[in-house]
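Enquirer: Just passing along the structure, written as structure tokens.
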Amino acid sequence: MSTSTLAPAPQAAPEPTAVRVQERPRRTLATPRHWAELDAAEKTAAVAQAGLPAFRLRQIDAHYYRRFEGEPDQWTDLSPADRETVATLFPPLITPVTQRTADRGTTVKSLYRLSDGVLVETVLMRYGLRRDLTPGPRGVRSTLCVSSQAGCGMACPFCATGQGGLDRNLTAGEIIEQVRSAAGDLARGELPGGPGHLSNIVFMGMGEPLANYRALLQAVRAITTPQPEGFGISARSLTISTVGLVPRIATLATEGLPITLAVSLHAPDDDLRDELCPINRRWNVSELLNAAHAYYETTGRRVSIEYALIRDINDQAFRAGLLADRLLERGKGWAHVNLIPLNPTPGSKWTASRPGVQEEFVARLERRGLPVTVRDTRGSDIDGACGQLAARVRDGVTAANANNGPNAQIDQRGQVEHEEAVV
Ligand code: SF4
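Next up, the structure:
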């Protein structure tokens with residue numbers, strides 16, 4: 002039979018026109034190992050190797066994890082010679098560049114430059130203060146939002162960070178240092194409401210945390226280990242967000258850590274989610290929600306479903322109904338919906354929903370019995386959305402970074418290579 006009589010071969014599916022997920026960081030970084038990255042045995046070895054008496058180990062831990070002091074040259078209970086020696090175990094990993102405050106000083110966005118010149122952000126938010134900034138009746142809480150990557154490879158088109166792609170993974174030390182820095186600011190009473198401590202940490206800053214899994218988990222261990230070997234913050238006070246790396250959600254569930262999982266869903270249907278979150282083309286809505294539900298079943302922790310309400314894109318009433326269907330078909334009580342009024346990126350077509358539309362979306366979910374909250378839009382006047390402050394400062398400091406090019410490698414003792422593919 003001539004091939005000309007055969008039905009035409011099926012055409013390859015047209016390439017999607019939307020942006021693609023970036024699989025690997027553009028580069029890796031070899032950083033000198035920092036005290037915060039050492040386990041107990043490594044700390045003992047490091048102290049011995051440095052010729053320090055063994056009791057210094059506990060002293061160093063107390064400075065770092067209890068008093069949040071990261072610069073040994075200020076530790077006056079050490080001899081000048083020992084300070085110098087200990088300083089070699091504390092290479093400077095993050096340097097404050099600028100801070101912006103909003104909400105009468107109770108929201109502080111900090112920008113840090115890392116040792117190779119890349120910029121990352123944290124946001125520290127204080128809750129529970131009265132209008133006169135004195136502590137309210139239910140106590141004061143402080144939440145820190147940390148970054149896990151420089152940039153992000155997930156390419157969500159509505160997100161400032163996603164537009165620049167993934168520069169590199171942060172090291173565990175760089176993540177831990179963000180926490181120490183904020184905890185120190187609070188302990189010194191630099192925010193309204195008086196001295197305090199970190200109540201919650203959310204991995205919702207720049208980057209996809211689960212794409213930098215090893216460093217993330219190492220940081221989580223340092224954060225949750227009791228003082229003085231760690232910061233002593235309960236795993237129940239941590240939230241890790243993901244845009245949908247399904248295999249890593251399954252792995253996280255096996256770690257034995259009661260961390261809250263936040264799933265950035267943003268659309269209940271694959272057609273739209275393929276566009277809003279390109280990773281959806283690899284793991285679709287059903288696979289993602291199945292993984293999230295399994296996480297709940299394994300850990301007992303209710304999952305937070307994050308949904309950025311974007312005007313005329315995903316805020317239609319029928320999508321509220323579809324979202325409710327997709328959650329309730331897996332049972333009741335396992336998920337909580339957190340709606341996020343979009344914090345628009347300057348010059349972007351993506352913007353927040355109209356108030357009436359947002360109210361209708363909330364009402365439809367509530368009528369179906371789903372717990373719903375609408376996130377308060379703190380810091381929207383300080384380039385509040387993830388990546389905006391870094392983008393703004395990066396554009397203004399390119400010259401300042403000229404000697405710290407993107408391929409800068411730090412060539413010192415005890416380097417660690419950091420690279421991880423998406424999965
Ligand atoms: S929304 Fe989150 S996952 Fe998506 S590009 Fe931005 S930082 Fe990455």
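Each residue of the sequence shown is one higher than the one before, starting from 2 at the first, in the numbering used here. Don't be surprised by glycine CBs; every beta carbon is placed ideally from N, CA and C.
Given 7 Å as the limit, tell me if Val244 has its C-beta closer than that to any heavy atom belonging to the ligand SF4.
Expert: Position 243 of the sequence shown, counting from 1, holds the residue named residue 244. Answer for Val244: yes, Cβ within range of the ligand SF4.
Enquirer: Taking 8 Å as the cut-off, decide whether the C-beta atoms of Val363 and Val373 are in contact.
Expert: Residue mapping note: residue 363 aligns to position 362 of the sequence shown, counting from 1. Residue mapping note: residue 373 aligns to position 372 of the sequence shown, counting from 1. It is a contact, given that the beta carbons lie within the stated cut-off.
Enquirer: Per DSSP, what kind of secondary structure is Glu43 in: helix, strand or coil?
Expert: As a first step, residue 43 must be located in the sequence shown, where it is residue number 42. Looking at Glu43 - three-state DSSP - the assignment turns out to be helix.
Enquirer: Spell out the partners DSSP gives Ala293 in its beta bridges.
Expert: Within the sequence shown, the letter at position 292 stands for residue 293. DSSP, once it has assigned bridges, lists no residue as partnering Ala293.
Enquirer: Let's see if you can read the secondary structure: which residues bound the beta strand (DSSP E) around Gly152?
Expert: Stepping through the sequence shown from its first residue, residue 152 is reached at position 151. Unbroken beta strand (DSSP E) run through Gly152: 150–152.
Enquirer: Is Cys146 a contact residue of the ligand SF4, with contact defined as CB to any heavy atom under 7 Å?
Expert: Taking the first residue of the sequence shown as position 1, residue 146 is located at position 145. Checking the Cβ of Cys146 against the ligand SF4 gives no.
Enquirer: Please classify Leu265: does DSSP put it in a helix, a strand, or coil?
Expert: For the purposes of this step, residue 265 is taken as the residue at position 264 of the sequence shown. The sequence given here has Ser at residue 265, not Leu. Looking at Ser265 - three-state DSSP - the assignment turns out to be strand.
Enquirer: Counting C-beta neighbours from all protein chains within 10 Å, is the total for Thr243 16 or more, i.e. buried, or is it exposed?
Expert: Taking the sequence shown and counting its residues from 1, one reaches residue 243 at position 242. Flag for Thr243 reads buried.
Enquirer: Once the 5 residues before and after Asn281 are set aside, which same chain residues still bring their CB inside 7 Å of it?
Expert: Taking the first residue of the sequence shown as position 1, residue 281 is located at position 280. Once the five neighbours on either side are set aside, the close Cβ partners of Asn281 are Gly245, Asp271, Arg274, Asp275.
Enquirer: Alpha carbon to alpha carbon, what distance is there between Leu39 and Val48?
Expert: By one-based count along the sequence shown, residue 48 stands at place 47. By one-based count along the sequence shown, residue 39 stands at place 38. Cα to Cα, Val48 sits roughly 11 Å from Leu39.
Enquirer: In its own chain, which residues sit with a C-beta less than 8 Å from the C-beta of Gln416, not counting the 5 before and 5 after it?
Expert: Taking the first residue of the sequence shown as position 1, residue 416 is located at position 415. Residue placement at Gln416 is flagged as unreliable, the pLDDT there being 43, under the threshold of 50; a coordinate-derived value is accordingly withheld.
Enquirer: So the candidates are Val180, His267, Asn344, Gly152; which of them puts its Cα closest to the Cα of Asp377?
Expert: For the purposes of this step, residue 377 is identified with residue 376 of the sequence shown, where counting begins at 1. If we check each option's Cα against that of Asp377, Asn344 comes out closest.
Enquirer: Taking 7 Å as the cut-off, is the beta-carbon of Glu24 closer than that to any non-hydrogen atom of the ligand SF4?
Expert: The residue given as residue 24 occupies position 23 in the sequence shown. Not so, every heavy atom of the ligand SF4 lies at least 7 Å from the Cβ.
Enquirer: Provide the residue(s) that pair with Lys110 in DSSP beta bridges, ordered along the chain.
Expert: For the purposes of this step, residue 110 is identified with residue 109 of the sequence shown, where counting begins at 1. In the DSSP output, where bridge partners are listed per residue, Lys110 has Arg101, Val124.
Enquirer: Use the C-beta contact count for Glu298: other C-beta atoms within 10 angstroms, 16 or more gives buried, fewer gives exposed.
Expert: Here residue 298 is taken as the residue at index 297 of the sequence shown, counted from 1. Looking at its Cβ environment, which holds fewer than 16 other Cβ atoms inside 10 Å, Glu298 is exposed.
Enquirer: Can at least three beta-carbon pairs, one atom from the stretch 128–147 and one from the stretch 96–104, be found at a separation below 8 Å?
Expert: No, the stretch 128–147 does not touch the stretch 96–104.
Enquirer: Using the Cα positions of Leu192 and Asp326, report the straight-line distance between them to the nearest angstrom.
Expert: In the sequence shown, residue 192 corresponds to position 191, counting from 1. In the sequence shown, residue 326 corresponds to position 325, counting from 1. Straight-line Cα distance between these residues: approximately 43 Å.
Enquirer: Beta carbon of Thr352: closer than 7 Å to some heavy atom of the ligand SF4?
Expert: The residue you call residue 352 lines up with position 351 of the sequence shown. Because no heavy atom of the ligand SF4 lies under 7 Å away, the Cβ of Thr352 does not count as near it: no.
Enquirer: CB of Glu421 to nearest heavy atom of the ligand SF4: below 7 Å?
Expert: Translated into the one-based positions of the sequence shown, residue 421 becomes position 420. Not so, every heavy atom of the ligand SF4 lies at least 7 Å from the Cβ.
Enquirer: So the beta strand (DSSP E) Ala184 belongs to, where does it begin and stop?
Expert: Counting from 1 along the sequence shown, the entry for residue 184 is found at position 183. Premise fails: Ala184 lies in the alpha helix (DSSP H), 173–188, not in any beta strand (DSSP E).
Enquirer: If distances are taken between C-alpha atoms only, which option among Thr240, Pro210, Arg68, Leu58 comes closest to Ser200?
Expert: On the sequence shown, position 199 is the one that residue 200 refers to. It is Thr240.
Enquirer: Which of the three DSSP states, helix, strand or coil, is assigned to Ala422?
Expert: On the sequence shown, residue 422 is found 421 positions in, with the first residue counted as 1. Coil, per DSSP.
Enquirer: What is the DSSP secondary structure of Asp326, reduced to helix, strand or coil?
Expert: Numbered from its first residue, the sequence shown carries residue 326 at position 325. Asp326 falls in the helix class under three-state DSSP.
Enquirer: In chain order, what residues of the same chain have a beta carbon less than 8 Å from the beta carbon of Glu24, not counting five sequence neighbours either side?
Expert: What you label residue 24 is simply residue 23 of the sequence shown in a count that begins at 1. Closer than 8 Å at Cβ, skipping near neighbours: Gly154, Ala422, Val423.
Enquirer: Have a look at Leu324, Arg331, Leu310 and flag the residue whose alpha-carbon is nearest the alpha-carbon of Cys160.
Expert: Sequence index remark: in the sequence shown, residue 160 carries index 159 (1-based). Residue Leu310 is the option with its Cα nearest to Cys160.
Enquirer: Which partner residues does Thr96 have in the DSSP bridge list?
Expert: By 1-based counting over the sequence shown, the position of residue 96 is 95. Answer is Arg114.
Enquirer: Taking all protein chains shown into account, do 16 or more other C-beta atoms lie within 10 angstroms of the C-beta of Ala51, making it buried, or fewer, making it exposed?
Expert: Mapped onto the sequence shown, residue 51 falls at position 50. Per the 10 Å Cβ criterion, exposed.
Enquirer: Taking the runs of the beta strand (DSSP E) that are 3 residues or longer, which of them lie wholly in the stretch 307–380?
Expert: The qualifying runs are 336–342, 373–375.
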